[in-house]
Amino acid sequence: MNDIVKARPFTIDELRAYLVEVFPEFWESGDLHLEDIAPMSATLRLAYHPKHLRPGGTISGPTMFGVCDAALYVAILNEIGPIALLSPPAPRSISSASRRPSISSARRG
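Structure (structure tokens):
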């Protein structure tokens, strides 16, 4: 068994400061808060706001996915430190299209 403990790139306070510096639009307001970090783990909390609700009063899927995406990013960042993993997309409008899958391609159980 390996008893060597890997040093983390950040303390939790350093990581919070780094996130505010690099992504101020998401972290500066304090709505998204880094609560805890551990090896391959990060716990974030998004403050409740009615803007995150869908009709009917449920938290929207995009809101939940955004928090999950941010938590995974922070967990990885805490493991390997700040590096560019992918080429960043150009800062411009994006679009998305969806279509209904055909019934014949769906698997029935």
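Counting along the sequence shown from 1, when you hit position 33 you're at 1120 in this note's numbering, and nothing is skipped either side. No residue lacks a Cβ here, since even glycine has one placed at the ideal position from N, Cα and C.
Close beta carbons around residue i, own chain, < 8 Å, minus the five adjacent residues each side
| i | result |
| --- | --- |
| histidine 1139 | Leu1133, Ile1146, Ser1147, Thr1150 |
| histidine 1136 | Asp1118 |
| isoleucine 1099 | Leu1121, Asp1123, Ile1124 |
| arginine 1179 | none |
Whole-Å CB distance - residue i paired with residue j, under 8 Å assumed
| i | j | result |
| --- | --- | --- |
| leucine 1102 | leucine 1121 | 6 Å |
| asparagine 1165 | phenylalanine 1097 | 6 Å |
| alanine 1104 | leucine 1131 | With a Cβ gap of about 16 Å, alanine 1104 and leucine 1131 do not count as contacting. |
| alanine 1177 | methionine 1127 | Going by Cβ atoms, the distance from alanine 1177 to methionine 1127 rounds to 31 Å, so no, they are not a contact pair. |
Buried or exposed by the 16-neighbour rule on C-beta atoms within 10 Å, applied to residue i
| i | result |
| --- | --- |
| leucine 1159 | exposed |
| isoleucine 1181 | exposed |
| valine 1109 | exposed |
| methionine 1088 | In this prediction, methionine 1088 scores a pLDDT of 46, lower than 50, which makes its location untrustworthy; no coordinate-derived value is stated. |
| alanine 1129 | buried |
| proline 1188 | exposed |
| alanine 1184 | exposed |
Any C-beta of chain D under 8 Å from that of residue i
| i | result |
| --- | --- |
| tyrosine 1160 | The structure shown contains no chain D; it holds only a single protein chain. |
Same chain only: Cβ atoms within 7 Å of residue i, ignoring 5 sequence neighbours per side
| i | result |
| --- | --- |
| glutamate 1115 | Val1107 |
| arginine 1095 | Asn1165 |
Residue i - containing alpha helix (DSSP H), residue span
| i | result |
| --- | --- |
| threonine 1150 | 1148-1167 |
Boundaries of the beta strand (DSSP E) in which residue i is found, first to last residue
| i | result |
| --- | --- |
| aspartate 1123 | 1119-1125 |
| leucine 1140 | Here leucine 1140 belongs to no beta strand (DSSP E), and DSSP marks it neither H nor E. |
Own chain residues within Cβ distance below 6 Å of residue i, not counting five before or after
| i | result |
| --- | --- |
| glycine 1168 | Pro1096 |
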